[in-house]
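See structure below.
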Amino acid sequence: ARLEKEKICEYKRQTGNIERPVNNFMQLEIHDDKEKIFLKAMDHLNSGTLDSNDSPFNPLESSTMYYNWCLKKFGENAKITERCFEVIFKTRISIDNYYKQNQAQAGLMKDKFKNECEIFKVYCNARNFFKPSHLKTIYQATHDDILKTLFEYYLAILFDIPTLFTLPPTDNLDANAKTPAYTIEKNKIYQYENESLFDNRAEKIAAYKVEWTNELGELYNKIFDQGILIGTNEFREYLKRFWEEYNKKSLKN
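Counted from 1, the sequence shown has number 185 at position 185 by the UniProt record's numbering; the numbering is strictly sequential.
In structure tokens form, the structure reads like this:
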């Protein structure tokens, strides 16, 4: 396993963006737990990567093709796919921070960071990878790709709040072809790490809703009741609208 991990690391160093044929070849060459080996290789490469203090932008650890390949090969519920999303999420938030710091128009990211933004949308279309613990990072966001997807799609579905927002189609990173917008099943909108603590799906979703409610409610209280300045203007607007809708629905019930 150690030798196989070193093979992957060496291939990634040499090719930089480790295109799909190389990924497929390496997977065939590995005879142990393939996901575990690729995951260890990602962690090993990341341990030698230092973030630059010169720019708020945090580049992806690998190419967008690699993350797209992981999603397709291992599926949306695999640990390595969750690990990939954490990297992609960190980069996507840093793009918003980059444009805030440089006072540039958000629309410019379509050209400068097109692939990074696209792979983020691809993962968001696969399932909900957002966790309540992400809020401390999400409140730095300014763009609808992040805020609208979370508040007006995934959280709206989770709490049965009416919404007209649908996930947009994404570019197929393999063939420049358009893929249709996804219809996410309700069992894909939650992610709870301690699933073994619960006997059925209803308990998992209930616990997940409580976790989100506690985190969102605490943030709302700090921002709008205590007057503490937290997050971007865009984040505060989305939070305010969502929390008001949530409270309206709670009163009806």
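Every residue gets a Cβ at the ideal spot worked out from N, C-alpha and C, and that includes glycine.
Because the structure is a prediction, the values reported are computed rather than measured.
* Please confirm whether LYS121 and ASP144 have their CB atoms less than 8 Å apart. => Numbered from its first residue, the sequence shown carries residue 121 at position 121. Numbered from its first residue, the sequence shown carries residue 144 at position 144. Contact flag unset, no.
* **7 Å CB neighbourhood of THR81 in its chain, flanking five on each side removed** => Your numbering for residue 81 matches position 81 in the sequence shown. Scanning its chain for C-beta atoms nearer than 7 Å, with the 5 sequence neighbours on each side dropped, one finds around THR81 the residues CYS70, LEU71, PHE74, GLY75, in chain order.
* Quick one: what's got a C-beta closer than 7 Å to ALA126's C-beta in the same chain, skipping five residues either side? -> Within the sequence shown, the letter at position 126 stands for residue 126. Within the same chain, Cβ atoms closer than 7 Å to the Cβ of ALA126 are found at LEU71, GLU76, the five residues on either side in sequence being excluded.
* Compare the Cα-Cα distances from TYR220 to each of PRO168, ASN200, LYS136 and report the closest residue. => Counting from one through the sequence shown, the residue named residue 220 turns up at place 220. Out of PRO168, ASN200, LYS136, LYS136 has the C-alpha closest to the C-alpha of TYR220.
* The alpha helix (DSSP H) spanning ASP144 covers which residue range? -> Position 144 of the sequence shown, counted from the first residue, corresponds to residue 144. Here the alpha helix (DSSP H) through ASP144 covers 144-149.
* To do: Take GLU245 as the anchor and find which of GLU211, ALA206, PHE151, ASN233 has the nearest alpha-carbon.
  => Looking up residue 245 in the sequence shown gives position 245. When GLU211, ALA206, PHE151, ASN233 are compared, the shortest CA-CA separation from GLU245 is found for PHE151.
* When burial is assigned at 16 or more other CB atoms within 10 Å of the CB, is ASN62 buried or exposed? -> Numbered from 1 along the sequence shown, position 62 holds the residue referred to as residue 62. One point to set straight first is that residue 62 is Ser, not Asn, in the sequence displayed. By the 10 Å Cβ count, SER62 comes out buried.
* Asked: Roughly how many angstroms separate the alpha carbons of LYS209 and PHE85, rounded to a whole number?
  -> Here residue 209 corresponds to residue number 209 of the sequence shown, with the count starting at 1. Here residue 85 corresponds to residue number 85 of the sequence shown, with the count starting at 1. Cα-Cα distance, rounded: 21 Å.
* Out of TYR154, TYR67, PRO56, ASN115, which has the shortest C-alpha to C-alpha gap to LEU39? -> As a working note, residue 39 is residue 39 in the sequence shown. The shortest Cα separation from LEU39 among TYR154, TYR67, PRO56, ASN115 belongs to TYR67.
* Just mark ARG83 as buried or exposed, buried being the case when its beta carbon has 16 or more other beta carbons within 10 Å. => Working through the sequence shown from its first residue, we reach residue 83 at position 83. Its Cβ being crowded by 16 or more others within 10 Å, ARG83 is buried.
* To do: Locate the alpha helix (DSSP H) running through LEU219, then write down its first and last residues.
  => Walking along the sequence shown from the start, residue 219 turns up at place 219. LEU219: member of the alpha helix (DSSP H) spanning 201-220, first to last residue.
* Which residue's Cα is closest to the Cα of LEU167: PHE159, TYR154, ASP160, GLU203? -> Numbered from 1 along the sequence shown, position 167 holds the residue referred to as residue 167. Comparing Cα positions, the closest option is TYR154.
* Test item: CB-CB of GLU118 and ARG92 under 8 Å -> Along the sequence shown, one-based indexing puts residue 118 at 118. Along the sequence shown, one-based indexing puts residue 92 at 92. No, the pair does not count as a contact, with Cβ atoms beyond the cut-off.
* Just how far apart, CA to CA, sit LYS249 and LYS100? -> Translated into positions along the sequence shown, residue 249 becomes position 249. Translated into positions along the sequence shown, residue 100 becomes position 100. So the alpha carbons of these two residues sit roughly 35 Å apart.
* Is it the case that the Cβ atoms of ASN97 and PRO56 are separated by a distance below 8 Å? -> Within the sequence shown, numbered from 1, the residue matching residue 97 stands at position 97. Within the sequence shown, numbered from 1, the residue matching residue 56 stands at position 56. Cβ atoms of ASN97 and PRO56: closer than 8 Å.
* On a CA-only basis, which of ILE161, VAL87, ASN200 is nearest LEU60? Give me that one, please. => Position 60 of the sequence shown, counting from 1, holds the residue named residue 60. With distances taken between Cα atoms, LEU60 lies closest to VAL87.
* Given a cut-off of 8 Å, decide if ILE95 and PHE235 are closer than it, judged by their beta-carbon atoms. => Position 235 of the sequence shown holds residue 235. Position 95 of the sequence shown holds residue 95. It is not a contact, given that the beta carbons lie outside the stated cut-off.
* Classify ILE157 as helix, strand or coil using the three-state DSSP reduction. => Within the sequence shown, the letter at position 157 stands for residue 157. It is helical.
* Euclidean distance between Cα positions of LYS222 and ASP111 -> By 1-based counting over the sequence shown, the position of residue 222 is 222. By 1-based counting over the sequence shown, the position of residue 111 is 111. Here the alpha carbon of LYS222 sits roughly 37 Å from the alpha carbon of ASP111.
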